[in-house]
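J.: I have a structure here, written as structure tokens, and I will follow up with some questions on it.
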Amino acid sequence: MRYHRSAVLVALVVVALTGSILLGAPGSEETVLPREDQLIQPEDTGTQVWPYTSRSRSTTGRTLALNVLIIGDPDQTRRALKRRAETNWTAVVDDDNATIGESEWQPARGASRYTYVTVDPNITGRWFQSEYQLATGTYLGQRVHIRAYPAPSGNWTAFQAHTEYWDWLRLRHTVTGVAPGARFLERDLRDEPFIERISREYHGLGGGGSDGWITIIELASAAGAAGAVASVVPLDPRHRDVADAAVLPVTLAGLILGVRSAGIALEHAIPGVTPKLFAAVLYPVIVAGPPFLVTMFARDRPATRSALLAAAGLGAGIVLDLGAVGANAVSVQFVLHRVALVSALGLFAVGVARQDRQTISGGAVAWLVALGLPLFGIL
């Protein structure tokens, strides 16, 4: 019977990882230009824009939708936003009642993304890359991230704004919303003296997180001048049953949340250091911490109960962490990856409880594979 249970856990890991890989595997991307019906012409721009960004100079690499367009001289727009980087953003509550908080609007880096512009759909246009990126919030917590695409000709700048959070189990940012990013910019810029008018224009194209609307922000004539206004608890042998039921899941959940909190604290305490350094320092805690805690608290305990407690603790930590960064919607690929991690740790707990080296090895390998695949871009 015990081998049957182990086989079930192994099967869960394999199925979850396989499904996650299949969903995350990139397809071949040939160079494809947008069709005329995939272009929009925002008011007063005189150009037609493909309202999305792409990983490559092709529509086959489409990612997130463009959702904000600022009408005005691109240099003035850039100066206004860059000057705001020297001040603090006001605390803004997003559409899901998650407060981003007061955080400096900082230059940001991210993967290359392209969009397509043409003055005439009958003439081949141009793919061009974002010229600058900005973000507010915390790199290792949650933030609003924007990419700016100044017009190759004309007085406008297109933006792709989205909310995202740092995913410790994939070592990358995960996007939580496109519309909340646009709404954040609307609310934050609404009362600035360099803003003439804010409205929304419906173009009806979905996909890439788009709801069919794009925010139009018009700069006032004086935009350039006004841009600045903006421990592990020791086990008592007499209470081992209580520890089995509480300490293991609590410490596992606390470890996940603790790494998030530590990363954000370091980011605030040492602002001059790249947050990726803190991620590199803290990530080994994510890798080794859960197996270490399971090894401490599952040895010589009932195998099934240990597996359930380990899975419950890690699962609770994942759910609480998602709530802390305001991630209210996740993909199927994301769920499968987390199921694989939870199942792998449960399998490891079974092996530790039974002191079965083969099962311990299987659980450890499954845990490392589930963590390692995102590092190679497979998930």
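Residue numbers (our numbering): 21 to 399.
Note that the Cβ used here is the ideal one computed from N, Cα and C, for glycine as well.
#1: Does the count of Cβ pairs from the region 309-322 and the region 148-166 closer than 8 Å reach three?
#2: Assuming I218 and I237 form a contact by the criterion Cβ under 8 Å, report the distance between their Cβ atoms to the nearest whole angstrom.
#3: Could you compute how far the alpha carbon of L395 sits from the alpha carbon of L189?
#4: Who are the near neighbours of L393 in its chain, counting only those whose CB is closer than 6 Å to its CB and skipping five residues on each side?
#5: Can you name, in chain order, every residue of its own chain whose Cβ lies under 8 Å from the Cβ of G12, other than the five neighbours on each side?
#6: Out of E56, R82, L89, G81, which has the shortest C-alpha to C-alpha gap to E63?
#7: Which value, in whole angstroms, describes the spacing of the CA atoms of Q316 and V372?
#8: With C-beta atoms as the reference, is A171 less than 9 Å away from F204?
#9: Which one of R192, I276, Y136 has the shortest CA to CA distance from G397?
#10: For Y72 versus T135, is the C-beta distance shorter than 9 Å?
#11: By the DSSP assignment, the beta strand (DSSP E) with L162 in it spans what residues?
#12: Once DSSP output is grouped into helix, strand and coil, what is the label at V307?
#13: From which residue to which residue does the alpha helix (DSSP H) around L53 run?
#14: At a cut of 8 Å, does the region 321-328 reach the region 208-216 through at least three beta carbon pairs?
#15: Does DSSP put I338 in a helix, in a strand, or in coil?
#16: Does the region 285-297 come close enough to the region 346-357 that 3 or more CB-CB pairs lie under 8 Å?
#17: Output the distance between the C-alpha atoms of D95 and T67, rounded to the nearest integer angstrom.
#18: How would you call T177, buried or exposed, if buried means at least 16 neighbouring beta carbons within 10 angstroms?
#19: Pick from A344, A128, S78: whose alpha carbon is nearest that of K296?
#20: Measure from the alpha carbon of Q162 to the alpha carbon of each residue in W186, V139, S381, then state which is nearest.
#21: Rounded to the nearest angstrom, what separates T138 and I215 at their Cα positions?
#22: Let me know the secondary structure DSSP gives E206 once reduced to three states.
#23: Pick out whichever of G224, T294, G333 has its Cα sitting closest to the Cα of V267.
#24: Any idea what DSSP makes of G232, helix, strand or coil?
#25: So, with DSSP's three-state summary, where would you put T67?
#26: At the level of alpha carbons, what is the spacing between S74 and A360?
#27: Excluding the 5 residues preceding and the 5 following I338 in the sequence, name in chain order all residues of the same chain whose CB lies nearer than 6 Å to its CB.
#28: If you draw a straight line from the C-alpha of L365 to the C-alpha of R321, how long is it?
#29: I'd like to confirm the pairing. Which residues does DSSP put opposite R179 in its beta bridges?
#30: In terms of residue numbering, what span does the alpha helix (DSSP H) encompassing V370 cover?
#31: Taking 9 Å as the cut-off, decide whether the C-beta atoms of V314 and L340 are in contact.
#32: Quick one: using the 10 Å Cβ neighbour count with 16 as the cut-off for buried, is T294 buried or exposed?
#33: From A369 to S132, what does the alpha carbon distance come to, in whole angstroms?
#34: Would you identify the three-state DSSP class for E184, choosing helix, strand or coil?
#35: If you follow the beta strand (DSSP E) that W147 is part of, which residue opens it and which one closes it?
#36: Of the residues R167, P213, E221, which one's Cα is nearest the Cα of G201?
T.: If we stick to the structure as given:
#1: no
#2: 5 Å
#3: 9 Å
#4: L399
#5: Here the chain covers residues 21 to 399 and nothing more, so residue 12 does not appear.
#6: It is L89 whose Cα lies nearest to the Cα of E63.
#7: One detail in the question is off: residue 316 reads as Met in this sequence, not Gln. If I take the Cα positions, the gap works out to 9 Å.
#8: No, the Cβ-Cβ distance between A171 and F204 is not below 9 Å.
#9: If we check each option's Cα against that of G397, R192 comes out closest.
#10: yes
#11: The sequence shown places Gln at residue 162, not Leu. Unbroken beta strand (DSSP E) run through Q162: 162-170.
#12: helix
#13: Note, L53: premise wrong, no alpha helix (DSSP H); not H, not E.
#14: no
#15: helix
#16: Contact fails: fewer than three Cβ-Cβ distances are below 8 Å.
#17: 18 Å
#18: buried
#19: A128
#20: W186
#21: 27 Å
#22: Look at E206 here: in three-state DSSP terms it is helix.
#23: Minimum Cα-Cα distance from V267 among the listed residues G224, T294, G333 corresponds to G333.
#24: strand
#25: coil
#26: 29 Å
#27: R358
#28: 15 Å
#29: Checking the sequence shown, residue 179 turns out to be Phe, not Arg. Beta-bridge pairing links F179 to V88, A168.
#30: Here the alpha helix (DSSP H) through V370 covers 352-374.
#31: No, these two residues do not count as a Cβ contact at 9 Å.
#32: exposed
#33: 41 Å
#34: strand
#35: 146-149
#36: R167
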